[in-house]
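This report concerns only the one structure given below.
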Amino acid sequence: MMNLLLGKNIEEVKSSAFTSHRKAKISNDDKGRLLAEINYKDEKSNVFITSLLGMFLAKTVARITDVYGPKVNLSFALPSDYNSSVPRAVREACTIAGIDLKTVSTIDASD
2 MMNLLLGKNI
12 EEVKSSAFTS
22 HRKAKISNDD
32 KGRLLAEINY
42 KDEKSNVFIT
52 SLLGMFLAKT
62 VARITDVYGP
72 KVNLSFALPS
82 DYNSSVPRAV
92 REACTIAGID
102 LKTVSTIDAS
112 D
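Residue numbers for the sequence shown follow the working numbering, beginning at 2 and rising by one.
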């Protein structure tokens with residue numbers, strides 16, 4: 002789901018076919034950043050999409066470094082129609098996850 006939301010604005014999300022098939026409630030803040038409503042232990046809260054990705058990446062990278070050691074480089078394949086907000090959102094999520102941005106690269110998936 003995050004790959005469909007990352008770097009998008011609320012209008013793009015609402016106009017996509019994705020919206021008719023999702024159960025999660027998506028909204029935005031006053032700066033246009035997307036939020037997803039989560040329900041944890043019967044308590045609902047809104048969390049930024051980049052924060053959710055950051056939490057996911059933190060756990061995933063921890064597992065990777067347990068297996069391969071601390072010198073791991075990450076590469077994210079971006080959709081061919083991405084705009085400048087997508088790599089920025091990836092970098093923000095990596096920062097939230099505590100990942101050194103020197104070890105992160107983004108590439109066009111069509112390459």
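Even glycine gets a Cβ: it sits at the ideal position worked out from N, Cα and C.
Source: prediction; values computed, not measured.
Below 8 Å, enough C-beta pairs join the region 94–104 and the region 46–56 to call them touching: three or more. If you ignore the 5 residues before and after ALA78, its C-beta comes within less than 6 Å of the C-beta of ILE108 and ALA110, all in its own chain and listed in chain order. The region 31–43 makes contact with the region 10–18: 3 or more CB pairs, one atom from each, lie closer than 8 Å. Distances from the CA of ILE27 to each of ALA98, TYR41, ILE100 and LEU6 were compared; the closest alpha carbon is that of LEU6. Membership of SER17 in any alpha helix (DSSP H) is not indicated, and neither H nor E is assigned to it by DSSP. Here VAL62 really is in contact with ILE100; their C-beta atoms are around 6 Å apart, less than 8 Å. In the three-state reduction of the DSSP assignment, LEU7 falls in the coil class, being assigned neither a helical nor a strand state. By the neighbour-count criterion, in which 16 or more other beta carbons inside 10 Å mark a residue as buried, THR51 falls on the buried side.
In the displayed model, ALA90 falls within a helix according to three-state DSSP. Here SER76 is near SER106, since their CB atoms are less than 8 Å apart.
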